[in-house]
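Novice: Structure in structure tokens, see below.
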Amino acid sequence: MTELVIETAGLRRTFGKKDEIEAVAGVDLRVEAGSIFGFLGPNGAGKTTTLRILATLLPPSGGTARVMGTDVARDPADVRQRIGYVAQSGGSDARMSGRGELVMQGRLFGLSGAASHERAAELVAAFDLADAGDRPTGTYSGGMRRRLDVAIGMVHRPGLLFLDEPTTGLDPQARARMWDEVRRLRETGTTVFLTTHYLDEADALCDRLAIIDHGRIVAEGTGPELKRAVAGDVITIGIDGNGELVRRLMAAQPFVREAGFADGTVRLYVDDGEAGLPLVLRILDGAGLAPQALALHRPSLDDVFLRQTGRSLRDTAA
Amino acid sequence: MRLFHDTWLVFRRSLGLTVRQPAWLIAGVMQPFVYLLLFGPLLNSLSSMPGFPTGGAFNVFVPGLLVMTALFGSTFVGFGFISEMRSGVVERMRVTPMSRTAAVLGRTLRDVVVFMVQGLILVVLAVPFGLTINPVGVVVAFGLLGLIGLVLGPVSYAMALLIGSEDALAPLTQAIALPLLLLSGIMLPMSLAPDWLRTIASFNPLYHATLAIRALFNAQFSSPDVATGIVTTGVCALASVLVASRAFNRATA
């Protein structure tokens, strides 16, 4: 059996004077060592709150969370020694040099001056920041700053690295670069727990995924497992105005397992898309409705997400 | 040990960042210097009034300006901290074993060093105006000035941490700083004030600190004002550091 680096049971977190807001409502997560674990969810679903509890920034209101074998509520100081945390906002001062930030981080983790300079030099080289290492981070490009953030998180060689939205706001080239860095971390034995708004990122990068909505995990597994669970094919119908009418019409058909309407598109989950397509056309025609677009897809992670949360992740992205 | 080690790290880092922008240092000296230049001379003719403390106008006024430099150099430090929070630096360091108290203490000591340098420049500039210097008095007075920084700085950092936005911090800071300033006898000595005003002022630690610094500048070491000022400010500094460090330990933001 593989070692678990994150293990939560019934994790809860409430906010408000009377604990009336339940941001995390009983989360059970198991993350195995050596994997890249993707944590997805619409804004306000409890994603960031869960991440902050696991990173010791927020105490849980109930349930337990063990990170690297230690209970986060009982001994947060021990957890901090073993994890790296990279916030979405980053964590470097625009006036400091990249090398200066790395040295500072090393010193905070108890490295001597010489040892932290040595470690900073290693990381600056490993993350391809050698030329920029002595410049203020305010002069860095988005991709460079993000690589520095990850390097800062890795100064003390943690076994587990939390990455909050590692590629948000990066151009495609810098994103691909960051993916390579994350894969390299896995190769060196670091477990990576990341949140993302990009389903292609989750699909390409993550060994396992969990989707959180309304404070609960609604789906968990490998990408292919999750897609298989949606099952069958997806027919999308682009329609003006009468979307809800079309959805109801289709939901009543025996060959349609489930129908949803969002963002001007009706989505039908069917067992056999090829056979379903002509049926759909005939029914629309019979009702005097003309679709703008009609398409057949194999399910993507976006379909998984839409099915589980009723929302498209793309539209919830901040 | 961790506290001293981390306080030193935070102090060095933040002082390094401040030194890179020497404009702040100059700006901090400008305001008291303008007072010295344009307000000080008014006191010359007042200094013969009954109730005005002994020692000459500038030996009364410059200690007040030093307290003012400390006041302005410590009450607004929270604003810089909010921008550090926004950059994510504060949160990043919260997920390290760093001592929470060091986060306040290191930055406060930086602020103390900055306003002490400003104060020193001010003292040198005031000599031609007629300020007389007693070396021992000046050294002890600067020690007391440092304690004022430890009273005010941690409060500003803790408020910044809890409030988190400049918009709300600004009016609150003003609401605290203005009465502290007016009730300290910085501009005009409180010995000119009616009894009721002096009674209110006696609850202000800055009032006692100002009296003590004036006595020290006039080499009146055995004056009860000196002991009262040092003890009051010291106790308040300790309380302030403890309260702020508690806020930093409990904060989840």
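Sequence lines, in order, name chains W and G. According to our numbering, the residues represented by the first sequence are 726 to 1043, in order. According to our numbering, the residues represented by the second sequence are 5 to 257, in order. Ideal Cβ placement from N, Cα and C applies to all residues, glycine included.
Among residues of its own chain, excluding the 5 on either side of W/Val792, which ones have a beta-carbon nearer than 6 Å to its beta-carbon?
Specialist: Residue mapping note: residue 792 of chain W aligns to position 67 of the first sequence, counting from 1. Cβ within range, chain order: Ile731, Leu779 and Val804.
Novice: Just reading off the alpha helix (DSSP H) that W/Val880 is part of, what are its end residues?
Specialist: Within the first sequence, the letter at position 155 stands for residue 880 of chain W. No alpha helix (DSSP H) contains W/Val880, which DSSP labels as neither H nor E.
Novice: Along chain W, in chain order, which residues have C-beta atoms closer than 7 Å to that of G/Met97?
Specialist: As a first step, residue 97 of chain G must be located in the second sequence, where it is residue number 93. The contacting residues are Leu833.
Novice: Taking 8 Å as the CB-CB limit, is W/Ala1043 close to chain G?
Specialist: Numbered from 1 along the first sequence, position 318 holds the residue referred to as residue 1043 of chain W. Unreliable positioning characterises W/Ala1043 in this predicted model, as indicated by a pLDDT of 38, which lies under 50. The coordinate reading is nonetheless provided below. W/Ala1043 does not count as touching chain G.
Novice: Taking only three categories from DSSP, how would you classify W/Phe834?
Specialist: In the first sequence, the residue the question calls residue 834 of chain W occupies position 109. Coil, per DSSP.
Novice: For W/Tyr923, name the three-state secondary structure that DSSP assigns.
Specialist: By one-based count along the first sequence, residue 923 of chain W stands at place 198. Coil, per DSSP.
Novice: Quick one, are the C-beta atoms of W/Arg738 and W/Pro785 less than 8 Å apart?
Specialist: If you number the first sequence from 1, residue 738 of chain W lands on position 13. If you number the first sequence from 1, residue 785 of chain W lands on position 60. In contact: W/Arg738 and W/Pro785 (Cβ atoms closer than 8 Å).
Novice: Please list, in chain order, all residues of the same chain as G/Phe65 whose beta carbon is under 7 Å from its beta carbon, the five residues on each side excluded.
Specialist: For the purposes of this step, residue 65 of chain G is taken as residue 61 along the second sequence, with counting starting at 1. Closer than 7 Å at Cβ, skipping near neighbours: Gly44 and Leu47.
Novice: Shorter than 8 Å from the beta carbon of G/Pro101 to some beta carbon of chain W?
Specialist: Against the second sequence, residue 101 of chain G aligns to sequence position 97. At a cut-off of 8 Å, the C-beta of G/Pro101 has a neighbouring C-beta in chain W.
Novice: Straight-line CA distance for W/Arg832 to W/Gly838?
Specialist: Working through the first sequence from its first residue, we reach residue 832 of chain W at position 107. Working through the first sequence from its first residue, we reach residue 838 of chain W at position 113. The C-alpha of W/Arg832 lies about 7 Å from the C-alpha of W/Gly838.
Novice: In the DSSP assignment, find the beta strand (DSSP E) that holds W/Glu757 and state where it starts and stops.
Specialist: Here residue 757 of chain W is taken as the residue at index 32 of the first sequence, counted from 1. Element bounds for W/Glu757: Ile746 to Glu757.
Novice: Which whole-angstrom value describes the C-beta separation of W/Leu895 and W/Gly868, a residue pair presumed to lie in contact below a C-beta threshold of 8 Å?
Specialist: Numbered from its first residue, the first sequence carries residue 895 of chain W at position 170. Numbered from its first residue, the first sequence carries residue 868 of chain W at position 143. The pair is a contact, with the Cβ atoms about 6 Å apart (cut-off 8 Å).
Novice: Any C-beta of chain G within less than 9 Å: which residues of the region 983-1017 of chain W qualify?
Specialist: none
Novice: Quick check on the DSSP output: the beta strand (DSSP E) that includes W/Phe764 runs from which residue to which?
Specialist: Taking the first sequence and counting its residues from 1, one reaches residue 764 of chain W at position 39. Where W/Phe764 is concerned, the enclosing beta strand (DSSP E) stretches over Ile761 to Leu765.
Novice: Over the uninterrupted alpha helix (DSSP H) stretch that includes G/His212, give me the two end residues.
Specialist: Counting from 1 along the second sequence, the entry for residue 212 of chain G is found at position 208. Looking at the DSSP string, the run of the alpha helix (DSSP H) that includes G/His212 is Pro209 to Phe221.
Novice: Look at W/Val828 and W/Ser841 and say whether their C-beta atoms are less than 8 Å apart.
Specialist: Counting from 1 along the first sequence, the entry for residue 828 of chain W is found at position 103. Counting from 1 along the first sequence, the entry for residue 841 of chain W is found at position 116. Against a cut-off of 8 Å, the Cβ pair of W/Ser841 and W/Val828 comes out as a contact.
Novice: Which residue from W/Asp925, W/Tyr923 and W/Glu906 puts its Cα closest to that of W/Val917?
Specialist: Translated into the one-based positions of the first sequence, residue 917 of chain W becomes position 192. The shortest C-alpha separation from W/Val917 is found at W/Glu906.
Novice: Is any beta-carbon of chain G found at less than 8 Å from that of W/Arg738?
Specialist: Sequence index remark: in the first sequence, residue 738 of chain W carries index 13 (1-based). At a cut-off of 8 Å between beta-carbon atoms, W/Arg738 makes no contact with chain G.
Novice: Let me know if W/Ala1020 comes out buried or exposed under the rule of 16 or more other beta-carbons within 10 Å of its beta-carbon.
Specialist: On the first sequence, residue 1020 of chain W is found 295 positions in, with the first residue counted as 1. The residue in question, W/Ala1020, is exposed, as its Cβ has fewer than 16 Cβ neighbours within 10 Å.
Novice: Ignore the nearest five residues each way along the sequence and tell me which others in G/Ala219's own chain have a CB closer than 6 Å to its CB.
Specialist: Walking along the second sequence from the start, residue 219 of chain G turns up at place 215. If you ignore the 5 residues before and after G/Ala219, its C-beta comes within less than 6 Å of the C-beta of Ser227, Asp229 and Val230, all in its own chain and listed in chain order.
Novice: Suppose you measure from the CA of W/Glu912 to the CA of W/Arg807; what does that come to, to the nearest Å?
Specialist: Position 187 of the first sequence, counted from the start, is the residue given in the question as residue 912 of chain W. Position 82 of the first sequence, counted from the start, is the residue given in the question as residue 807 of chain W. Going from the Cα of W/Glu912 to the Cα of W/Arg807 covers about 18 Å.
Novice: Looking at the ligand SAH, does it come within less than 7 Å of G/Leu70, judged from the CB to the closest heavy atom?
Specialist: Among the ligands in the structure shown, none appear at all, so the ligand SAH cannot be discussed.
Novice: Taking 8 Å as the cut-off, decide whether the C-beta atoms of G/Val93 and W/Gly816 are in contact.
Specialist: Against the second sequence, residue 93 of chain G aligns to sequence position 89. Against the first sequence, residue 816 of chain W aligns to sequence position 91. It is a contact, given that the beta carbons lie within the stated cut-off.
Novice: What residue range does the alpha helix (DSSP H) around G/Ala74 cover?
Specialist: Reading the second sequence from its first residue, position 70 is the one you call residue 74 of chain G. Ala61 to Thr79 is the extent of the alpha helix (DSSP H) around G/Ala74.
Novice: So which residues of chain W does G/Leu13 contact, with C-beta pairs closer than 8 Å?
Specialist: As a first step, residue 13 of chain G must be located in the second sequence, where it is residue number 9. In chain order: Met829, Arg832 and Leu833.
Novice: So, for G/His9: in the same chain, excluding its five sequence neighbours on each side, which residues have a beta-carbon less than 6 Å away from its beta-carbon?
Specialist: Here residue 9 of chain G refers to the residue found at position 5 of the second sequence. Around G/His9: no qualifying Cβ.
Novice: Following the continuous beta strand (DSSP E) through W/Arg982, name the residue where it begins and the one where it ends.
Specialist: By 1-based counting over the first sequence, the position of residue 982 of chain W is 257. Here the beta strand (DSSP E) through W/Arg982 covers Val981 to Ala987.
Novice: Rounded to a whole number of angstroms, what is the C-alpha to C-alpha distance between W/Glu983 and W/Ile960?
Specialist: As a working mapping, residue 983 of chain W is identified with position 258 in the first sequence. As a working mapping, residue 960 of chain W is identified with position 235 in the first sequence. W/Glu983 and W/Ile960: Cα-Cα distance of roughly 11 Å.
Novice: Please report how far the alpha carbon of G/Asp171 lies from the alpha carbon of G/Val159, in whole angstroms.
Specialist: Position 167 of the second sequence, counted from the start, is the residue given in the question as residue 171 of chain G. Position 155 of the second sequence, counted from the start, is the residue given in the question as residue 159 of chain G. Cα to Cα, G/Asp171 sits roughly 17 Å from G/Val159.
Novice: Do you know offhand how far W/Lys742's Cα is from W/Gly946's?
Specialist: Taking the first residue of the first sequence as position 1, residue 742 of chain W is located at position 17. Taking the first residue of the first sequence as position 1, residue 946 of chain W is located at position 221. Roughly 36 Å between the two C-alpha positions.
Novice: Is W/Tyr810 close to chain G, meaning its C-beta is less than 8 Å from at least one C-beta of that chain?
Specialist: Taking the first residue of the first sequence as 1, we reach residue 810 of chain W at position 85. For W/Tyr810, the answer is yes, since a Cβ of chain G falls inside 8 Å of its Cβ.
Novice: What first and last residue would you give for the beta strand (DSSP E) that runs through W/Val995?
Specialist: Reading the first sequence from its first residue, position 270 is the one you call residue 995 of chain W. Segment Thr990 to Val995, the beta strand (DSSP E) holding W/Val995.
Novice: What separation, rounded to the nearest whole angstrom, lies between the Cα atoms of W/Arg972 and W/Val991?
Specialist: Translated into positions along the first sequence, residue 972 of chain W becomes position 247. Translated into positions along the first sequence, residue 991 of chain W becomes position 266. In a straight line, the C-alpha of W/Arg972 is about 6 Å away from that of W/Val991.
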